[in-house]
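Please read the structure below before turning to the comments.
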Amino acid sequence: MVFETNSILVQRVSIKSYQQGSTSYPNELCSYGEGLYSQLNYIVQNLLLSNQLSPSTIKLVEESSELQNLITEISAHIGQSTGIASIVIGTKYYAQNKNQINLPIDIMTKHDLSQESLLRLFQGHEDQKAEIEAKLKDVIYETCVVANDHLLTAREKLKAVKEEISKIISTTEDELILRKSKTWKKQVPDCLFLEKNDFDILSKNIENNYWKLVWNSYRNYQKRQI
29 MVFETNSILV
39 QRVSIKSYQQ
49 GSTSYPNELC
59 SYGEGLYSQL
69 NYIVQNLLLS
79 NQLSPSTIKL
89 VEESSELQNL
99 ITEISAHIGQ
109 STGIASIVIG
119 TKYYAQNKNQ
129 INLPIDIMTK
139 HDLSQESLLR
149 LFQGHEDQKA
159 EIEAKLKDVI
169 YETCVVANDH
179 LLTAREKLKA
189 VKEEISKIIS
199 TTEDELILRK
209 SKTWKKQVPD
219 CLFLEKNDFD
229 ILSKNIENNY
239 WKLVWNSYRN
249 YQKRQI
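With our numbering as the guide, the letters of the sequence shown map in order to residues 29 to 254.
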C-alpha cells in the first residue's frame, strides 16, 4: 500500500522523455498517464493515509488487502485518464510551440489524418481546413473514449470500495472506525468533459480559462463525485 516517494519521483522524471517524441498507440498515452499523473495520485494517497491526518482510515485500510488494492487501482485509472486528457488539451500548444503532435498515430491513420496536416492547421494554414477539423474531432473523440473508459473502471472499483467498507464496518469492533465512519465521504472528485464542446479542441471555450473550474473542483471534492 505504501509507495516509495523516491521511486515515484524517478518514474516521473523518466516519463518526461515521452514528451520529446510523439505517440503511436493509445496504450502509450495510458503509460504516460500512469508514469506521471498516477504517481502523483499515489503520493497524495500516501499523504492522506498518514497517521497524523487519518488514523481511522489507516485502521480501516489495514483491515482488508482487497480495499488496499482497490484504492491503488482507482488512483491508477484516474491518473491514466488525466494523462490522456492532458495530451488532448495540450495538442495545440505542442503543435504550435514544439512542432509536435502527440495524438495516437493509429487513430489518426484510421481517419486519414496526418501529423503534417495537423501541424499546418495549428500553425495557421487554411488549405483543407474544414476537412482536417472534422477528422480531428473524430480523432479527439476516439482518444477521449479511452480516457472515459478509465473513469468508468474507476467508478466500478469505487462501488467495490463502498461494498468492502460496508462489510468491514458491519463486522469490526474497532471503536475508532465505528465512530469516524459516520462522517467519511465516500466518493472522488469529478471532471470536465470535452463533449460539451463537441470534442473541438480548436474551440475558444477550450482555450479560455474556465472560471468555474476552481468552484467545480471544490464542490465535487466535497461531494466526492467521479
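Glycine included, every Cβ here is placed at the ideal spot set by N, Cα and C.
Status (buried if at least 16 other CB within 10 Å, exposed otherwise) for residue i
i, result
"Tyr65", "buried"
"Lys138", "exposed"
"Lys185", "buried"
"His105", "buried"
"Leu141", "buried"
"Asn69", "buried"
"Ser194", "exposed"
"Gln67", "buried"
"Thr199", "exposed"
"Ser145", "buried"
"Glu201", "exposed"
"Gln156", "exposed"
"Gly152", "exposed"
Which of helix, strand or coil DSSP assigns to residue i
i, result
"Tyr169", "helix"
"Lys126", "coil"
"His153", "coil"
"Tyr53", "coil"
Cβ pair residue i, residue j closer than 8 Å
i, j, result
"Ala188", "Leu98", "yes"
"Thr100", "Gly61", "no"
"Phe150", "Ala182", "no"
"Glu91", "Ile196", "yes"
"Ile102", "Ala175", "no"
"His14", "Gln108", "Lying before the first or after the last residue shown, residue 14 is absent from the chain, which here runs from 29 to 254."
Proximity winner among the options, relative to residue i (alpha-carbon distances)
i, options, result
"Leu95", "His153, Ile129, Arg207, Glu191", "Glu191"
"Asp134", "Gln143, Asn127, Gln128", "Gln143"
"Arg207", "Ser59, Pro83, Pro54, Leu77", "Pro83"
"Lys163", "Glu201, Leu180, Asp177, Leu131", "Leu131"
"Leu204", "Ser59, Asn79, Glu154", "Asn79"
Q. Given 8 Å as the limit, is there contact between the region 104 to 121 and the region 164 to 179, that is, 3 or more CB pairs closer than that?
A. Yes: the two stretches touch, three or more of their Cβ pairs being nearer than 8 Å.
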